[in-house]
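S.K.:
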Amino acid sequence: MPESTRRSTMKAVKDSIASLKPGAWMTGVVLLLVSMNSAHAADGARKTVMLCADKAYWYPFTYQQQYRAHGLFVDMIKEVGLRTDTRFVVRPAKWSRCLRLAKSGKVDGILGASYKKERAEWMNYPADATSGKPSPYSMSLVDYVIATPVDSSYVFDGNTANLPAPVRVPRSYSIADDLKKQGAAVKASFSSDRSALLGMARQNNGSAALLGSIANELVKNDRNLRGKYKIQDRKLKAKDYFLTFSAQSKLTAEEKNNYWEALHSVRNDEGLMSHFYENYAGEAAAEEEPAA
2 MPESTRRSTM KAVKDSIASL KPGAWMTGVV LLLVSMNSAH AADGARKTVM LCADKAYWYP
62 FTYQQQYRAH GLFVDMIKEV GLRTDTRFVV RPAKWSRCLR LAKSGKVDGI LGASYKKERA
122 EWMNYPADAT SGKPSPYSMS LVDYVIATPV DSSYVFDGNT ANLPAPVRVP RSYSIADDLK
182 KQGAAVKASF SSDRSALLGM ARQNNGSAAL LGSIANELVK NDRNLRGKYK IQDRKLKAKD
242 YFLTFSAQSK LTAEEKNNYW EALHSVRNDE GLMSHFYENY AGEAAAEEEP AA
């Protein structure tokens, strides 16, 4: 309880005692002290949940600015916190570190993780994550697209085995493994979508598989990439990204389900989500050093 609040409460106690009739003051003191203790308990009762988010530039979903996590997913989880009286602390880190922290239980969960069978052994997902259909309990259904050099004649027809090589993919993306299994010549050594695009533009060959939101943002607003590539009309695929919880977290199954239900409610709030999206509609792309 803040010191100023404590002083004002104690003054109220004294004033109330002074106004009580003889013989009734003890009851009044007990009731007021109970009220003080209840207020103090409520002040410290708010649950804190530690989450990790990829610090790579994953616009507009998550990205790091001035060492703090920002983005649409951060806005959404803050709203979940308001609706569940929970303080969510989002820690930005490299994706590989986020996975290690969640696996060991050093954070309660991850903000924005796609489903992978091997992850599900130590990380909890909503029950419908394995359905193969878009989940209403995910944070978002995210589109992946194919980008090619602006003067390329290639047209993506859905056959990933024939994608122009090398297919540049950020190394943190699980879609790299998917493409390899489908026969694509993948080069997954890039730190971000932007680095993959810069590599393609510099060498003027191959292709890049990346998030549609980022591809559309950078082609318009990045001075080093504007006019250097085109986005194929046919989408590569769409993947759900979830709020996940470590199996080692002290959160109960009921608490995890409550957070997923609250997230579902937030995602279905069209007015609120429209407001969130407007925050990123005209934001410029962050500058980042290209990968070697």
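Per my numbering, residue 2 is the first one in the sequence shown, and the count goes up by one each step. For each residue, glycine too, the CB sits at the ideal point set by N, CA and C. In this text the structure is predicted, and so the values were computed from the model without any measurement.
If we count the other Cβ atoms within 10 Å of its Cβ and call it buried at 16 or more, is Leu102 buried or exposed?
M.R.: The residue labelled residue 102 in the question sits at position 101 within the sequence shown. Under this definition Leu102 is a buried residue.
S.K.: Do Glu80 and Val267 come within 8 Å of each other at the CB atom, strictly closer than that value?
M.R.: By one-based count along the sequence shown, residue 267 stands at place 266. By one-based count along the sequence shown, residue 80 stands at place 79. For Val267 and Glu80, yes; Cβs fall inside 8 Å.
S.K.: Count Cβ pairs between the stretch 47-60 and the stretch 211-219 that sit closer than 8 Å; are there 3 or more?
M.R.: Yes, they touch.
S.K.: Along the chain, where does the alpha helix (DSSP H) containing Val75 start, and where does it finish?
M.R.: As a first step, residue 75 must be located in the sequence shown, where it is residue number 74. Counting along the chain, the alpha helix (DSSP H) containing Val75 begins and ends at 73-85.
S.K.: Pick from Ser136, Met77, Ala185, Tyr64: whose alpha carbon is nearest that of Met275?
M.R.: Along the sequence shown, read from residue 1 onward, the residue named residue 275 stands at position 274. Note on residue identity: the sequence assigns Ser, not Met, to residue 275. Closest by alpha carbon: Met77.
S.K.: Please state the DSSP three-state secondary structure of Ala166.
M.R.: By 1-based counting over the sequence shown, the position of residue 166 is 165. Note: Ala166 maps to coil in three-state DSSP.
S.K.: Which two residues bound the contiguous beta strand (DSSP E) that contains Met141?
M.R.: Here residue 141 is taken as the residue at index 140 of the sequence shown, counted from 1. For the sequence presented, residue 141 should be read as Ser rather than Met. Looking at the DSSP string, the run of the beta strand (DSSP E) that includes Ser141 is 141-150.
S.K.: Assuming contact is defined by CB atoms lying nearer than 8 Å, are Ala239 and Leu164 in contact in what I supplied?
M.R.: Here residue 239 refers to the residue found at position 238 of the sequence shown. Here residue 164 refers to the residue found at position 163 of the sequence shown. It is not a contact, given that the beta carbons lie outside the stated cut-off.
S.K.: When you compare only the Cα positions, how much space is there between Val151 and Phe243?
M.R.: Along the sequence shown, one-based indexing puts residue 151 at 150. Along the sequence shown, one-based indexing puts residue 243 at 242. Between Val151 and Phe243, the C-alpha separation is close to 34 Å.
S.K.: Out of curiosity, what's the CA-to-CA distance linking Val30 and Thr245?
M.R.: As a working mapping, residue 30 is identified with position 29 in the sequence shown. As a working mapping, residue 245 is identified with position 244 in the sequence shown. Residue placement at Val30 is flagged as unreliable, the pLDDT there being 35, under the threshold of 50; the coordinate-derived value follows with that caveat. When rounded, the distance between both Cα atoms is 47 Å.
S.K.: Thinking just about the alpha-carbon of each residue, which of Leu237, Leu100, Arg235, Met140 is nearest to the one in Glu122?
M.R.: Within the sequence shown, the letter at position 121 stands for residue 122. When each option's Cα is compared against that of Glu122, the closest is Leu100.
S.K.: Tell me the rounded alpha-carbon separation between Lys95 and Ser193.
M.R.: Position 94 of the sequence shown, counted from the first residue, corresponds to residue 95. Position 192 of the sequence shown, counted from the first residue, corresponds to residue 193. Distance between the alpha carbons of Lys95 and Ser193 is about 11 Å.
S.K.: Suppose the cutoff is 6 Å on Cβ atoms and the five residues either side in sequence are ignored; what does the same chain contact list for Tyr281 look like?
M.R.: To locate residue 281, count along the sequence shown from 1; it is residue 280. Closer than 6 Å at Cβ, skipping near neighbours: Pro61.
S.K.: So the beta strand (DSSP E) Phe246 belongs to, where does it begin and stop?
M.R.: As a first step, residue 246 must be located in the sequence shown, where it is residue number 245. Start and end: 238-247.
S.K.: May I have the straight-line CA-CA distance separating Val187 from Leu83, to the nearest angstrom?
M.R.: Along the sequence shown, one-based indexing puts residue 187 at 186. Along the sequence shown, one-based indexing puts residue 83 at 82. Cα-Cα distance, rounded: 42 Å.
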